[in-house]
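Residues 398 to 939 in my numbering are what the sequence shown lists, from first letter to last. This report refers to the structure that appears directly beneath it.
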Amino acid sequence: MIMAKLQETLEQEFGRKTIARTPLPEYFETGLNPSKHLRPYQEECMRYFLTYMNPENDFEGKAALPHLLFHMATGSGKTMMMALAMLYLYAQGYRNYLFFVSSNNIVEKTRDNFLNSSSSKYLFAPSITIDGKKVEVKEVKNFQGTDADCINLCLTTIQALHTDLNAEKENAVTYEDFASEPVVLIADEAHHLNAETKAAKSRSKEEEESVKNWEKTITNIFQKENGKLPNILLEFTATMDLSDPAIAKKYEDKILFDYTLKRFREDGYSKDVETFVTDLDALDRALQAIILSQYKRKVFVSLGQDIKPVVMLKSKIIKENKENYEAFKERLAGLKPADIDHIRTRAKDDLKAAFLYFEAHGVTDENLILELQNEFSEERLLLIDGKSITPEKQRLLNSLEDPGNGIRAIFAVDMLNEGWDVLNLYDIVRLYDTRDSKGNKPGKTTMQEAQLIGRGARYMPFRDPSNEALPVDKRKYDGDTANPSRVVEKLHYHSAHNPRYIQELRTALIQTGIMAEHYEQIELFLKDDFKQSRLYKKGLVF
398 MIMAKLQETL EQEFGRKTIA RTPLPEYFET GLNPSKHLRP YQEECMRYFL TYMNPENDFE
458 GKAALPHLLF HMATGSGKTM MMALAMLYLY AQGYRNYLFF VSSNNIVEKT RDNFLNSSSS
518 KYLFAPSITI DGKKVEVKEV KNFQGTDADC INLCLTTIQA LHTDLNAEKE NAVTYEDFAS
578 EPVVLIADEA HHLNAETKAA KSRSKEEEES VKNWEKTITN IFQKENGKLP NILLEFTATM
638 DLSDPAIAKK YEDKILFDYT LKRFREDGYS KDVETFVTDL DALDRALQAI ILSQYKRKVF
698 VSLGQDIKPV VMLKSKIIKE NKENYEAFKE RLAGLKPADI DHIRTRAKDD LKAAFLYFEA
758 HGVTDENLIL ELQNEFSEER LLLIDGKSIT PEKQRLLNSL EDPGNGIRAI FAVDMLNEGW
818 DVLNLYDIVR LYDTRDSKGN KPGKTTMQEA QLIGRGARYM PFRDPSNEAL PVDKRKYDGD
878 TANPSRVVEK LHYHSAHNPR YIQELRTALI QTGIMAEHYE QIELFLKDDF KQSRLYKKGL
938 VF
């Protein structure tokens with residue numbers, strides 16, 4: 398159980414009702430992209446932040462150098478919280494913002510969020526006004542000679558930051574950058590630094606020294622005095638390992654807001670996750686998934702929505718990923734009605750509904766084959782791994798929801814387990830069948846797969862024209878399980894029939910909070926003649 402003592406301290410000091418009434422600045426609405434709207438829990442999060450940061454609010458335990466952790470579920474909008482924090486802190490006099498993370502891929506994604514106004518992921522309004530002043534968000538390489546009227550944003554990785562600060566390079570960040578002006582440090586996927594520390598025994602001396610230097614680098618910047626405002630360190634993650642006593646102790650007075658994946662799911666902001674277990678081989682599992690994906694696309698069309706469901710096909714190693722990609726293309730090119738029938742004869746639940754839909758709407762097996770060959774043709778496939786990622790592939794990954802992005806299937810290994818914001822991922826196919834558990838507990842790979850499922854479970858907002866009263870960005874059909882549109886509120890995870898693995902995955906999904914723990918209710922009854930017996934009338938029956 399997470400001990401969010403800072404959050405509890407604020408509640409005890411100011412009261413939940415008082416915090417809930419904390420007014421949000423007008424620029425929280427006008428400064429955001431008009432297509433972005435704050436959810437209730439996001440407003441709640443920012444009210445805790447404003448309560449803590451308010452200079453008039455003083456209490457025991459408030460740090461002279463604010464160091465806060467936003468512990469929020471995957472998909473709950475941590476980047477939105479960063480954007481709002483930047484706007485608020487600008488109003489308090491902060492101009493320089495250092496964003497750092499462990500991966501270049503996340504840096505590129507964040508550049509779209511904060512700087513690329515043509516991106517659908519862009520968070521800010523076309524024109525930002527704070528206290529009557531026009532504010533521009535500008536990317537900088539360092540903080541030398543920055544614009545005093547702008548939000549100056551430096552994006553980097555922790556590795557590159559450490560290297561730049563400890564080597565003389567032109568246009569690089571230096572320690573002198575932090576000597577005259579205050580800085581807001583924003584750490585995304587912040588669990589990595591602590592995860593590295595926790596895993597110290599498995600590293601070489603050279604690696605150990607490197608990790609210590611990274612953490613020391615951040616500490617040196619954070620504690621640098623500038624004679625003006627205090628520096629601020631804001632950390633964001635969904636997966637801080639608070640079961641580790643040292644990490645839990647470090648953050649017990651820093652967790653400003655804790656919004657779990659379990660609460661995220663219960664509030665209706667995620668897809669339902671269903672494991673689709675089958676005895677089909679890997680390529681037939683892929684075929685099953687794209688048939689189901691095509692059905693989901695037709696359901697979206699019936700709702701008047703131009704939404705393209707995406708399938709991820711996950712391999713264990715890079716070599717197999719390439720082989721599976723080539724085998725899929727070959728299989729699709731030679732697809733026959735008998736192959737479709739092979740899937741149909743084993744279909745159940747949503748896949749069975751898909752075939753009934755095709756039949757009712759006159760989609761023959763031959764028609765379906767042509768659709769699949771067109772929708773999942775080579776130009777609509779994306780092959781990625783740590784060695785083949787390019788700026789163009791990164792752009793396609795970051796814009797999967799865009800109407801101009803035609804990608805329907807992604808072949809990947811394990812590089813999309815974090816830092817990937819995608820809403821229209823609806824099917825994940827596990828193309829291998831191995832386990833790495835110990836003592837019937839989920840292994841590292843299984844936990845990574847559960848985290849990937851958590852990323853894919855982000856809800857794709859859409860409107861149901863048959864009932865305008867239904868919410869747009871939340872599940873709509875939890876109370877209407879027979880509604881055929883419910884299939885587009887589900888993420889299907891296609892796996893081989895391996896009962897022990899499925900149980901381990903289920904355990905991992907329940908632990909992370911993305912899947913509810915289901916109980917089967919059995920109706921018990923007593924025979925009438927037993928009810929007439931002396932034992933029933935006079936004795937104790939358990």
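Ideal placement from N, C-alpha and C gives every residue a C-beta, glycine not left out.
| message | Nearest by alpha-carbon distance to Asp-738: which of Asp-762, Ala-866, Asp-925 is it? | response | Asp-762
| query | Can you tell which of Asp-811, Ala-683, Phe-633 has its C-alpha closest to the C-alpha of Ile-714? | reply | Asp-811
| said: What would DSSP say about Cys-547, mapped onto helix, strand or coil? | reply: coil
| Whose C-alpha, out of Thr-842, Tyr-572, Val-532, is nearest the C-alpha of Lys-621? | Tyr-572
| field | Neighbour-count burial assignment, Asn-795, 16 or more Cβ in a 10 Å radius | value | buried
| query | Nearest CA to the CA of Asn-617: which residue from Phe-633, Ala-576, Thr-634, Pro-642? | reply | Ala-576
| Taking the continuous alpha helix (DSSP H) assigned at Met-469, which residues delimit it? | Where Met-469 is concerned, there is no enclosing alpha helix (DSSP H), although the beta strand (DSSP E) it sits in stretches over 464-469.
| task | Report the three-state DSSP secondary structure of His-771 (helix, strand or coil). | result | Rather than His, the amino acid found at residue 771 in this sequence is Asn. Of the three classes helix, strand and coil, the one that applies to Asn-771 here is helix, per DSSP.
| message | According to DSSP, Ser-892 sits in a beta bridge with which residue or residues? | response | Val-674
| task | Answer with buried or exposed for Glu-917, where buried requires no fewer than 16 other C-beta atoms within 10 angstroms of its C-beta. | result | Its pLDDT being 45, under 50, Glu-917 is placed unreliably in this model, and the value from its coordinates should be taken loosely. Glu-917 is exposed by the Cβ-count criterion.
| message | Here's the rule: buried if 16 or more other CB atoms are within 10 angstroms of the residue's CB, otherwise exposed. What is Ala-821? | response | Position check: residue 821 holds Asn in this sequence, whereas Ala was assumed. By the 10 Å Cβ count, Asn-821 comes out buried.
| So does the segment 886-904 actually touch the segment 674-684, counting three or more Cβ pairs closer than 8 Å? | yes
| So does the segment 647-655 actually touch the segment 853-867, counting three or more Cβ pairs closer than 8 Å? | no
| query | Taking Cβ positions, are Tyr-449 and Leu-465 nearer each other than 8 Å? | reply | yes
| said: Please list the terminal residues of the continuous alpha helix (DSSP H) segment that includes Ile-583. | reply: Run containing Ile-583: none in the alpha helix (DSSP H); it sits in the beta strand (DSSP E), 580-585.
| query | How many Å lie between Val-885 and Tyr-874 at the Cα? | reply | 10 Å
| query | Where in the segment 801-856 do unbroken runs of the alpha helix (DSSP H), each at least 4 residues long, occur, reported from the N-terminal end onward? | reply | 841-853
| field | Proximal residues to Leu-937 (C-beta, below 7 Å), its chain only, five neighbours per side dropped | value | none
| query | Quick one, which of Glu-457, Leu-429, Arg-728, His-468 has its alpha-carbon nearest Leu-639's? | reply | His-468
| query | In the structure shown, what three-state DSSP assignment does Thr-636 receive? | reply | coil
| query | Any idea what DSSP makes of Tyr-916, helix, strand or coil? | reply | For Tyr-916, the predicted model reports a pLDDT of 49, less than 50, meaning its position is unreliable; a value from the coordinates is still stated below. Coil at Tyr-916, not helix or strand.
| request: Report the three-state DSSP secondary structure of Ala-592 (helix, strand or coil). | output: Residue confidence for Ala-592 is low, a pLDDT of 47 falling below 50, so the modelled location carries little weight; the figure read from the coordinates is stated next. DSSP places Ala-592 in helix when its eight states are reduced to three.
| Between Ile-687 and Glu-586, which are expected to be in contact by the criterion C-beta below 8 Å, what is the C-beta distance as a whole number of angstroms? | About 31 Å; that fails the 8 Å criterion.
| query | Cβ of Tyr-494 within 8 Å of Cβ of Met-477? | reply | no
| query | So, using beta-carbon positions, are Leu-684 and Gly-851 closer together than 8 Å? | reply | no
| Which one of Met-479, Ala-905, Ser-667 has the shortest CA to CA distance from Arg-855? | Ser-667
| Out of Cys-547, Asp-546, Asn-539, which has the shortest C-alpha to C-alpha gap to Leu-558? | Asn-539
| message | For Glu-632 and Ala-879, what's the separation of their Cα atoms in angstroms? | response | 42 Å
| said: Relative to the C-alpha of Gln-439, which candidate in Lys-695, Ile-527, Phe-661 has its C-alpha closest? | reply: Phe-661
| Are the segment 506-526 and the segment 561-570 in contact at 8 Å, needing three or more beta carbon pairs? | no
| Is it right to say Gly-428 is buried, meaning 16 or more other beta carbons lie within 10 angstroms of its own, or is it exposed? | buried
| Three-way DSSP call (helix, strand, coil) for Tyr-494 in this model | strand
| task | Give me the Cα-Cα distance between Leu-552 and Arg-492, rounded to the nearest whole angstrom. | result | 14 Å
| message | Determine whether the beta carbon atoms of Val-670 and Asn-628 lie at a separation below 8 Å. | response | no
| request: Quickly, what does DSSP pair Phe-521 with across the bridge? List them, please. | output: Leu-429
| What are the boundary residues of the alpha helix (DSSP H) that Val-504 is part of? | 501-511
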